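Residue numbers (the numbering used here): 16 to 304.
What follows is the structure, given as structure tokens:
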């Protein structure tokens, strides 16, 4: 036996052999040279409700190359687009999963359980739109809940930055110049919906002629007729009275609203009277016979 300087016994001694030196002859192949393709499918977001639109992300394949099927509670469900699913047709507590078929291989996604959907305000307005004496501000609001839960409306009023009630109607008197804010929040017993904030500045409120018959005193002695008109102004403005329609000779005191008339001896008909009261900004009228 002859000796060689190439030392073929190095393999036996445990010296590493480079895979590329042997693979060329077909005698050896590294395990790392062949890797199994890993496929995965994921639904996002995982924190979803029936108001969510779910989307898919994939690894190892393109969604466009796969046949996608959405499952709700394990049953096939219709989706507008393969990679997205609108959960509006499902309900709280339902499970959503997706299945992809790629090269005869089935890949299942994670399972998303739909949580409670927060209620939403669909219409809101401070009423009345035109505020006048005797009115009370309130909020006309409509809310909806995708899960069909009963919705409670929470109110928070402030007037000029100070608390003014937590009911549907504002809880304190208001006047011209007051700045009103109301914060409205829907609640379904589990989740709070998006808060809506409304602002309102109270402008001049017109005076109001009091129609209470007990407050409208009239007197007639067969010759002279008198009639006391009473009006109120919520802003406390000074009022000016005038006659818009009246028979000849009838007068009204512009400061007090006292009507006086010396009735003609031959007068036997009814007289039409229309009274106006103004606060310098708005005018209110009342008429009668």
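Don't be surprised by glycine CBs; every beta carbon is placed ideally from N, CA and C.
Please read these numbers as outputs of a predicted model, since none were measured by experiment.
message: At the level of alpha carbons, what is the spacing between residue 147 and residue 218?
response: Distance between the alpha carbons of residue 147 and residue 218 is about 10 Å.
- prompt: With a CB to CB cut of under 7 Å and the five nearest residues on each side skipped, what residues in its chain are close to residue 39?
  reply: Its pLDDT being 39, under 50, residue 39 is placed unreliably by the model, and the measurement read from it follows with that caveat. Within the same chain, no residue comes within 7 Å of residue 39 by CB-CB distance, once the 5 residues on both sides are set aside.
message: Comparing C-alpha positions only, which one of 265, 266 and 248 sits nearest to residue 220?
response: Among 265, 266 and 248, the Cα nearest to that of residue 220 is on 248.
- prompt: Is residue 236 closer than 7 Å to residue 294 when the C-beta atoms are compared?
  reply: By the CB criterion at 7 Å, residue 294 and residue 236 fall outside the cutoff.
- request: Could you check if residue 116 is buried or exposed, using at least 16 other CB atoms within 10 Å of its CB as the buried criterion?
  value: By the beta-carbon neighbour count (other beta carbons within 10 angstroms, threshold 16), residue 116 is exposed.
message: If you measure between the beta carbons of residue 298 and residue 208, is that distance less than 7 Å?
response: The Cβ atoms of residue 298 and residue 208 do not sit closer than 7 Å to each other.
task: Closer than 7 Å by C-beta to residue 261: which residues in its own chain qualify, once you throw out the five before and the five after it? Chain order, please.
output: Excluding sequence neighbours, residue 261 sits near 288.
field: Nearest neighbour of residue 154, chosen from 125, 131, 274 and 182 [CA to CA]
entry: Nearest of 125, 131, 274 and 182 to residue 154, Cα basis: 182.
message: Using 8 Å as the cut-off, can you tell me whether the region 50-60 makes contact with the region 73-80, which would need three or more C-beta pairs spanning the two stretches below that distance?
response: At 8 Å Cβ cutoff, the stretches touch.
task: On the DSSP bridge assignment, give the partners of residue 4 in chain order.
output: Outside the shown range of the chain (16 to 304) lies residue 4, about which nothing can therefore be said.
- request: Determine, using beta carbons only, whether residue 88 and residue 62 come nearer to each other than 7 Å.
  value: Cβ distance not < 7 Å, so residue 88 and residue 62 don't count as in contact.
task: Would you kindly report the start and end of the unbroken beta strand (DSSP E) that includes residue 142?
output: Segment 135-142, the beta strand (DSSP E) holding residue 142.
task: Return the bridge partner residues of residue 215 from the DSSP annotation.
output: Residue 215 pairs with 195.
task: Ignore the nearest five residues each way along the sequence and tell me which others in residue 272's own chain have a CB closer than 8 Å to its CB.
output: Close CB contacts of residue 272 within its chain, under the 8 Å cut and outside five residues either way in sequence, are with 243, 244, 245, 246, 254, 256, 290 and 292 (chain order).
- request: Count the C-beta pairs between the region 168-182 and the region 96-112 that are closer than 8 Å, then say yes if the count reaches three, no if not.
  value: No: fewer than three Cβ pairs fall under 8 Å.
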